[in-house]
Amino acid sequence: MNTGAPAAPKSQALVIRRLTKRYVVSVLDNFDLTVDDGEFVCLLGPNGCGKTTLLRILAGIETPDSGDVLVHGSPLHERNRLTHRIGYVFQEPRLLPWKSVRDNVMLAIKNVCRVDSSRSRSLAQDFLRLVGLSGFEDYFPNRLSGGMQQRASIARALAVQPELLLMDEPFSALDPENRRILQDELLRIWRETGVTVLFVTHSVDEAFRLASRVLVLSARPTRILLEIRPDRETDVHTTKQRVLEIFAEQVRLQQGLTTQAQAVTI
Numbered sequence: 003m004n005t006g007a008p009a010a011p012k013s014q015a016l017v018i019r020r021l022t023k024r025y026v027v028s029v030l031d032n033f034d035l036t037v038d039d040g041e042f043v044c045l046l047g048p049n050g051c052g053k054t055t056l057l058r059i060l061a062g063i064e065t066p067d068s069g070d071v072l073v074h075g076s077p078l079h080e081r082n083r084l085t086h087r088i089g090y091v092f093q094e095p096r097l098l099p100w101k102s103v104r105d106n107v108m109l110a111i112k113n114v115c116r117v118d119s120s121r122s123r124s125l126a127q128d129f130l131r132l133v134g135l136s137g138f139e140d141y142f143p144n145r146l147s148g149g150m151q152q153r154a155s156i157a158r159a160l161a162v163q164p165e166l167l168l169m170d171e172p173f174s175a176l177d178p179e180n181r182r183i184l185q186d187e188l189l190r191i192w193r194e195t196g197v198t199v200l201f202v203t204h205s206v207d208e209a210f211r212l213a214s215r216v217l218v219l220s221a222r223p224t225r226i227l228l229e230i231r232p233d234r235e236t237d238v239h240t241t242k243q244r245v246l247e248i249f250a251e252q253v254r255l256q257q258g259l260t261t262q263a264q265a266v267t268i
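The sequence shown begins at 3 in the numbering used here and counts up one residue at a time.
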């Protein structure tokens, strides 16, 4: 029953204001974004538009030229890189090959959470179980399939109990069957943990399958062209077709095969 009381405002996990980053060309130019707690946001854009650069800035790997980033209200540049809890899953697993799966996860926990070995081992077990790797804790990465290695990478990112989980095309190297399996697993984990996810992809189908909100990005310098909430779309097929047209046009822009004046009007 509707009591007439206004819904409580959601807290903001991430606020980006006028973020700018330039290399030889401008990649991010006064980019703005707000992500609520518990959202699963997909960034959908052409290769080279600035998606990975944005994630690397949020992870503290790169420094912006200007702009503000707030994580739960705290400026990113004021946070200790070793203690601010932002998980990062790369395109490739990037597991240490000389350490077991458990030890890879434990190392992240020790570095970020500052707990003793007994506690870090227990947490590693919990998160390996969460991603379906019970029984494989003592395996070294080279004994695991690509999909299993990426599960371990996800467990490592989640084990630091992140305020924000960054995922940079984590399933792009997998075959279609394993990609779909990992997508289902990720959705299950997101629902169980409530973690805020920022997920980069160039697959329209993947974005619509996973996200609570899809942001279609332009060619560089990137800006948000379109915002879609797939669960609120009455005609998902038509919306997907529109997104595919816009996306294809931005790819052509990125590659210099068309001009902004010729691009599809949003």
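Yeah, the Cβ is synthetic: ideal placement off N, Cα and C, and Gly gets one too.
Beta-carbon contacts of residue i that lie in its chain and below 7 Å, excluding the five residues immediately before and after
i    : result
T203 : C44, L46, E171 and A209
V216 : C44, L46, A209, F210, I230 and P232
N4   : With a pLDDT of 43 at N4, under the threshold of 50, the predicted position of this residue should be treated as unreliable, though the coordinate-derived value follows. Excluding residues within five positions, none has a Cβ falling inside 7 Å.
I111 : V117, S122, L125, A126, A161 and V162
D67  : T22, K23 and R24
Cβ-Cβ distance between residue i and residue j below 7 Å
i    : j    : result
L168 : L30  : no
A61  : Y90  : yes
L200 : A221 : no
L166 : T195 : no
F42  : W192 : yes
Q152 : P77  : no
L146 : G69  : no
Residue span of the alpha helix (DSSP H) that contains residue i, given as start and end
i    : result
A15  : Looking at the DSSP string, A15 is not in any alpha helix (DSSP H); the run it does join, the beta strand (DSSP E), is Q14 to R24.
E251 : V238 to Q256
R215 : From DSSP, R215 is part of no alpha helix (DSSP H) but of the beta strand (DSSP E) over R215 to L219.
D118 : Run containing D118: none; DSSP gives neither H nor E here.
L184 : P178 to T195
L57  : K53 to L60
L72  : Segment S68 to V73 is the beta strand (DSSP E) holding L72; no alpha helix (DSSP H) there.
A139 : Before going on, a small fix: residue 139 reads as Glu here, not Ala. It is not in any alpha helix (DSSP H) - E139 carries neither H nor E in the DSSP assignment.
A209 : V206 to L212
Other residues of its chain near residue i: CB distance less than 6 Å, five sequence neighbours each side excluded
i    : result
T54  : D170
L228 : V218
D140 : S102
I226 : L217
Contact belief for residue i with residue j at Cβ below 8 Å, rounded distance in angstroms
i    : j    : result
V71  : I59  : 7 Å
N2   : A154 : One cannot answer for residue 2 here, as it falls past the ends of the chain, which runs 3 to 268.
A126 : M150 : Not really, about 15 Å apart at Cβ, beyond 8 Å.
L189 : P143 : Incorrect: roughly 25 Å between the Cβ atoms, too far for contact.
Contacting residues, own chain, Cβ-Cβ under 8 Å from residue i (five flanking each side not counted)
i    : result
S13  : D38, D39 and H74
L284 : Outside the displayed range of the chain (3 to 268) lies residue 284, so it cannot be described from this structure.
T36  : Q14, L16, V17 and I18
Q185 : F173, E208, R211 and L212
K242 : V206, D207 and F210
First and last residue of the uninterrupted beta strand (DSSP E) at residue i
i    : result
C44  : F42 to L46
T203 : V199 to T203
F33  : S28 to D38
E229 : I226 to I230
L168 : L166 to D170
S155 : No beta strand (DSSP E) holds S155; the alpha helix (DSSP H) holding it covers G148 to A161.
D233 : Per DSSP, D233 belongs to no beta strand (DSSP E) and is neither H nor E.
V271 : The structure shown does not extend to residue 271, since the chain spans only 3 to 268, so no value can be given for it.
Cβ neighbour criterion (16 or more within 10 Å) applied to residue i
i    : result
T224 : buried
Q257 : exposed
E179 : exposed
Q252 : buried
S122 : buried
A157 : buried
P164 : buried
G52  : buried
P99  : exposed
A250 : exposed
R104 : buried
L84  : Caution applies to L84, whose pLDDT of 47 falls short of 50 and renders its modelled position unreliable; the model cannot decide the point.
V114 : buried
V238 : exposed
V27  : exposed
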